[in-house]
Structures are given as C-alpha cells and as structure tokens.
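Peer 1: In this note's numbering, the protein residues as written are 162 to 366. Think of the CB as a built atom: it goes at the ideal place given N, C-alpha and C, for glycine as much as any other residue. Predicted, not measured: the structure shown is a model, and the values here were computed from it. Just passing along the structure, written as structure tokens.
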C-alpha cells in the first residue's frame, strides 16, 4: 500500500504497512526551518505555516504536527537563542500579521450572542483586536486594527530599512582600510559599484 502525497508532505516520518519509512527531504527540512522562524516571530502556528509556504487548507495540520515533533522543538529551542527576535523584527512581524493575517476569532466574538467562558476565551486569537467594550445597550463592541494602515506602516518600515542598509553599506565602503595589490591601490568603495569597471560604455574615453 502506497503513501499519499498529502501524508508524505504533512507527516514525513510515517511508516506504511509495507514497512517503508518515508524519509524527510531537504525541501521539507527547509520548510520546517522557515516555519520555526516565523512561529517564533508570529506566535501563531497556522499563520506561520501559511507564510512559510504550506497550502492554507493544510496549514493547521502541518503546524500541529511540527509543534509536536522533536525536530521542530529542538529547532525552536536553538533559534530562540539566536538574535532573531530584535525589536525591529518583532514590530515588522506584528505589522505583517495585522496586514495579512486572519481575524476569524475576532469575527466570531463580534457575532456571538454572549461572551464565551474564560477557558474558551483564552484560546481565541485576538491579536487584531484593538479595543473591546460594552455599549450602552449591554452589547459588546469590538474594534479591530486598520489593515490598510498596517500595510502602509509596514511599507514605510521596509523602505526605511532599505535606505538604512544602503547608507550603512556606503559608509562601510568608505571606512574600509585600503589594501595594496601589485602596486595598485584597491579601496573598499570598489565593492559598492562592482559593475563600474566592467561597463566600458560608462567610462569616458
């Protein structure tokens, strides 16, 4: 009896009746690594799986499988010790989640006839909720963060990071020490525009 592609994709270590063990491929290992990094930043398994490249219909099952697997737990422990959780990275991840993440639990809360009990309320993903209050009629008013503003702010941060990276590269180039090779002086600025020497039409005769 063979193994379906979906099962191989979600559960790479399963064993069939014939005793054949499906080994994890390099692509699956890379997918797990992307998932772990995104999970540390987003704190939501399903969203991390989708952003890592898992089909949306399989994201919840994939996240559940990974979070209960020993390789994933080891990788999460190792990655948590690295400097990937900077404030900038966490802000960017939060904005990405507000801009592109689902707000299904918040919608369920809005249309619920009454507030769910505390144990169920603790399981809801209310990251997109900016404010919850009771109105004068006794109902519950739920306000969500503006998705469009989150995307605009995310774009501003991305542009600022690109500008900062370019400025730092330029400063590093000018600050680089000079090296002498065969009586020709090569400075660090040559690394900033590597094509200048190769593009003859740009050199004045």
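Could you have a look at residue 276 and say whether DSSP puts it in helix, strand or coil?
Peer 2: Three-state result, residue 276: coil.
Peer 1: Under the three-state reduction of DSSP, which class applies to residue 257: helix, strand or coil?
Peer 2: helix
Peer 1: Quick check: the Cα distance between residue 229 and residue 291, rounded to an integer number of angstroms?
Peer 2: 31 Å
Peer 1: If you drop the 5 nearest sequence neighbours on each side, which residues of the same chain put their C-beta closer than 6 Å to that of residue 320?
Peer 2: none
Peer 1: In terms of residues, what are the limits of the alpha helix (DSSP H) holding residue 191?
Peer 2: 187-203
Peer 1: Count the other C-beta atoms from every protein chain shown that fall within 10 angstroms of the C-beta of residue 284, then say buried if there are 16 or more, exposed otherwise.
Peer 2: exposed
Peer 1: If the criterion is Cβ atoms closer than 8 Å, does the pair residue 276 and residue 301 meet it?
Peer 2: A Cβ-Cβ contact shorter than 8 Å links residue 276 with residue 301.
Peer 1: Please report the distance separating the alpha-carbon of residue 199 from that of residue 295.
Peer 2: For the pair residue 199 and residue 295, the Cα-to-Cα distance works out to about 35 Å.
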